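Residue numbers (this note's numbering), protein chains in the order written: chain Y, 565 to 682; chain U, 137 to 246.
Idealized CB from N, CA, C, for every residue including glycine.
Source: prediction; values computed, not measured.
For reference, the structure is listed below as structure tokens.
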Amino acid sequence: NAGVTQTPKFRVLKTGQSMTLLCAQDMNHEYMYWYRQDPGMGLRLIHYSVGEGTTAKGEVPDGYNVSRLKKQNFLLGLESAAPSQTSVYFCASSYTVGREESYNSPLHFGNGTRLTVT
Amino acid sequence: ILNVEQSPQSLHVQEGDSTNFTCSFPSSNFYALHWYRWETAKSPEALFVMTLNGDEKKKGRISATLNTKEGYSYLYIKGSQPEDSATYLCAFINFNKFYFGSGTKLNVKP
């Protein structure tokens with residue numbers, strides 16, 4: 565049981581290049597999230613998905629696209645990388661989200677991808 | 137965008153000290169409040185999931201309380217140990233989204 569796996573772990577891009585970050589979970593979770601973490605700013609939500617075939621924008625979606633073609637995978641794409649996208653990216657998943665405690669499970673995080681755009 | 141604030145930003149304590157920190161969040165449209173522990177070079181791990189006003193949770197020397205009406209949660213660590221050194225994050229859950237505070241970085245000196 566691997567949990568949440570992110571690939572790659574590190575990447576350096578030049579401005580204007582594109583790349584895709586892959587997140588895979590083997591826990592049959594419905595909800596998946598992409599966050600970026602910048603110094604002093606905590607985790608900011610980029611995009612999220614509440615199930616296979618669905619995606620929605622988070623707090624900072626500009627410059628990113630996502631896809632959830634299979635329940636276990638959530639892809640984050642950068643079409644034209646910019647230096648402002650230098651960050652550490654975390655994927656997370658959750659089984660349920662709701663008001664009742666029995667419907668409220670915590671997030672499970674991947675180990676992060678450190679991306680540098682020069 | 138919802139504002140989740142944590143204080144203090146950082147805390148330095150001696151081994152054996154007890155400490156606490158605060159998470160403030162909007163009091164409307166509350167679903168749940170989570171606490172996570174984030175060690176350097178690792179990924180965040182869940183400590184507590186809290187949903188009810190007045191909730192109190194405990195795990196060993198760490199406990200948390202929740203006040204949804206006034207929009208705050210406290211995390212307490214009793215008798216801090218060096219292995220408690222980490223960043224402690226709270227997350228406010230609203231509909232399907234998790235909004236994180238910027239964390240409190242705790243350093244426990246032996």
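When the options are compared against residue i, the one with the closest alpha-carbon
i, options, result
"G215(U)", "E151(U), Y224(U) and P144(U)", "E151(U)"
"T677(Y)", "Y653(Y), G580(Y), S658(Y) and E664(Y)", "Y653(Y)"
"V568(Y)", "K578(Y), G580(Y), P625(Y) and L639(Y)", "L639(Y)"
"G641(Y)", "T579(Y), C655(Y) and L585(Y)", "L585(Y)"
"V149(U)", "A168(U), G239(U), A222(U) and L169(U)", "A222(U)"
"L188(U)", "N139(U), E219(U) and E206(U)", "E206(U)"
"F673(Y)", "G617(Y), S613(Y) and W598(Y)", "W598(Y)"
"S582(Y)", "M591(Y), A646(Y), S669(Y) and V661(Y)", "A646(Y)"
"Y208(U)", "K245(U), D153(U) and S164(U)", "S164(U)"
"Y167(U)", "K195(U), T204(U) and Q217(U)", "T204(U)"
"S238(U)", "C159(U), S154(U) and D153(U)", "C159(U)"
"Y210(U)", "D220(U), E219(U), P218(U) and D191(U)", "D191(U)"
"Q570(Y)", "C655(Y), E664(Y) and S644(Y)", "C655(Y)"
"T240(U)", "Y212(U), N230(U) and F231(U)", "Y212(U)"
"G617(Y)", "P625(Y), E594(Y) and A588(Y)", "E594(Y)"
"T176(U)", "N675(Y), L577(Y) and P625(Y)", "N675(Y)"
"A154(U)", "L169(U), Y235(U), Y224(U) and R197(U)", "It is worth fixing the name first, because residue 154(U) is Ser in this sequence and not Ala. It is R197(U) whose Cα lies nearest to the Cα of S154(U)."
"L609(Y)", "S657(Y), P572(Y) and A566(Y)", "S657(Y)"
"N629(Y)", "S669(Y), K573(Y), E643(Y) and V576(Y)", "E643(Y)"
"P603(Y)", "N637(Y), S651(Y), A566(Y) and L577(Y)", "S651(Y)"
"P218(U)", "N230(U), L138(U), P246(U) and E181(U)", "P246(U)"
"V661(Y)", "Q636(Y), S613(Y) and A588(Y)", "S613(Y)"
Anticipated Cβ contact below 8 Å, residue i with residue j, distance rounded
i, j, result
"K233(U)", "G622(Y)", "7 Å"
"Q145(U)", "C226(U)", "With a Cβ gap of about 13 Å, Q145(U) and C226(U) do not count as contacting."
"Q649(Y)", "G627(Y)", "6 Å"
"L247(U)", "F161(U)", "Nothing in the structure corresponds to residue 247(U), since chain U is present only between 137 and 246."
"T619(Y)", "T682(Y)", "Their Cβ separation, rounded to whole angstroms, is 29 Å, which puts T619(Y) and T682(Y) out of contact at 8 Å."
"L183(U)", "W171(U)", "4 Å"
"M591(Y)", "Y659(Y)", "7 Å"
"K194(U)", "M186(U)", "At roughly 12 Å, the Cβ-Cβ gap does not stay under 8 Å, so K194(U) and M186(U) are not in contact."
Chain U within 8 Å of residue i, Cβ atoms only
i, result
"Y628(Y)", "no"
"F574(Y)", "no"
"L585(Y)", "no"
"G674(Y)", "yes"
"L607(Y)", "yes"
"G615(Y)", "no"
"L633(Y)", "no"
"P687(Y)", "The requested residue 687(Y) does not occur in the structure, where chain Y is confined to residues 565 to 682."
"L580(Y)", "Correcting the residue identity first, residue 580(Y) is Gly in this sequence and not Leu. No, because no Cβ of chain U sits closer than 8 Å to the Cβ of G580(Y)."
Closer than 8 Å to chain Y by CB, residue i
i, result
"P162(U)", "no"
"P246(U)", "no"
"I229(U)", "yes"
"P218(U)", "no"
"H148(U)", "no"
"S179(U)", "yes"
"T234(U)", "Note on identity: in this sequence residue 234(U) is Phe, with Thr being the wrong assignment. At least one chain Y Cβ lies under 8 Å of F234(U)."
"G237(U)", "yes"
Checklist entry - Any residues in the stretch 186-197 of chain U with a beta carbon nearer than 9 Å to a beta carbon of chain Y? Which ones, in chain order? => result Using a CB distance below 9 Å, the part of the stretch 186-197 of chain U facing chain Y consists of M186, T187, L188 and D191, ordered along the chain.
Checklist entry - Fully enclosed by the stretch 570-619 of chain Y, which beta strand (DSSP E) runs are 3 residues long or longer? => result 574-577, 583-589, 595-602 and 606-613
Item to check | Those runs of the beta strand (DSSP E) which lie wholly inside the stretch 651-680 of chain Y and span at least 3 residues | outcome: Inside the stretch 651-680 of chain Y, DSSP marks whole beta strand (DSSP E) runs of 3 or more residues at positions 651-658, from first to last along the chain.
Item to check | Uninterrupted alpha helix (DSSP H) stretches inside the stretch 142-172 of chain U (no shorter than 4 residues) | outcome: none
Checklist entry - Which whole runs of the beta strand (DSSP E) in the stretch 186-231 of chain U are 3 residues long or more, in chain order? => result 192-195, 198-203, 208-213 and 222-230
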